[in-house]
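K.L.:
Encoded as structure tokens, here's the structure I'll be asking about.
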Amino acid sequence: VSLFARLDTWCSLFDPDTAALMELRNDIKYSRVYGPFGADINRRMACALFTTIFQDIDSALRSVSSATSTFRFGHAETVMFVSTLLSLEQALGSDNSPIAGAMPLARAQHRGFKTSIIAPFSTNLGIELYRDRRAQPFFRILLNEQAVRLPECADAFCSLDVLRNKLGDAIGCDFDRVCHVTKRAHLSQ
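No gaps in the numbering here: position 187 of the sequence shown is 187 in my numbering, and each next residue is one more.
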């Protein structure tokens, strides 16, 4: 369809409201499987990655080099777990209420958790590290090359301490302990 810029094939099957409802249906699913409205472990899945990221950040802060880059690659699901840990759905406009099929369409269209924004095809998330004139570290988060302001920050550029505090015990977590499953005896009736 997009290859030939034709809108008279698949796109003609769906009006904008139907397409929005289909997107909502997927977002309900993904907001629970990978996102903020599912199990508590969704917020913890990215802890090992953030532990590594902060090791890289601390190393860069100790470095005498003025430019350092570290790249990590993963799947869209990884970005959704990271966005959940960072509460990006709040930064993107969520009011913290779970999305549901019974939501009025107008409200559903303004929800913060949208996979089409958080994890579209070729999604990416960047954390840029800077120092101000006093050598104090600050950061900026880019989601799909767009700056995102965390609710705790006055603007997109924010003190690194804010990010450390926000992530709390997710930095340095014991991933094996987070994902440990206790074997329970089968109860028969």
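For each residue, glycine too, the CB sits at the ideal point set by N, CA and C. Note that the structure is predicted; figures quoted are calculated from it, not measured.
1. Rank V148, G126, A102, L24 by C-alpha distance to the C-alpha of R72 and give the top, closest one.
2. Assuming P137 and L129 form a contact by the criterion Cβ under 8 Å, report the distance between their Cβ atoms to the nearest whole angstrom.
3. Which class does G35 belong to by DSSP, given the choice of helix, strand or coil?
4. Are there three or more Cβ pairs, one per stretch, closer than 8 Å when the region 22-39 is compared with the region 101-121?
5. Is DSSP giving S83 helix, strand or coil here?
6. Enumerated in chain order, which unbroken segments of the alpha helix (DSSP H) with a length of 4 residues or greater are wholly contained in the region 90-153?
7. Counting C-beta neighbours from all protein chains within 10 Å, is the total for S12 16 or more, i.e. buried, or is it exposed?
8. Pick out whichever of I53, D17, M80, M45 has its Cα sitting closest to the Cα of K29.
9. Quick check on the burial criterion: 16 or more other C-beta atoms within 10 angstroms. Buried or exposed for L150?
10. Quick one: is A91 buried, meaning 16 or more other Cβ sit within 10 Å of its Cβ, or exposed?
11. Using three-state DSSP, classify E158 as helix, strand or coil.
12. Quick one: any contact between the region 35-47 and the region 162-180, if contact means 3 or more CB pairs under 8 Å?
13. Whose C-beta lies closer than 6 Å to the C-beta of P36 among residues of the same chain, with five residues either side of it excluded?
14. Measuring straight from C-alpha to C-alpha, what distance separates A108 and E77?
15. Three-state secondary structure (DSSP) at V64?
16. Among E145, T18, F54, which has the Cα closest to the Cα of L160?
P.N.:
A quick look at the data gives this:
1. G126
2. 6 Å between Cβ atoms; contact.
3. Residue state, collapsed to three classes: coil.
4. Short answer: they touch.
5. helix
6. 105-108, 115-118
7. exposed
8. M80
9. Result: buried.
10. A91 counts as buried, since no fewer than 16 other beta carbons sit within 10 angstroms of its beta carbon.
11. At residue 158 the sequence reads Cys, which differs from the Glu that was named. In the structure shown, C158 sits in a strand (DSSP, three-state: E or B).
12. yes
13. T84, E89
14. 22 Å
15. Reduced to three states, the DSSP call for V64 is coil.
16. F54
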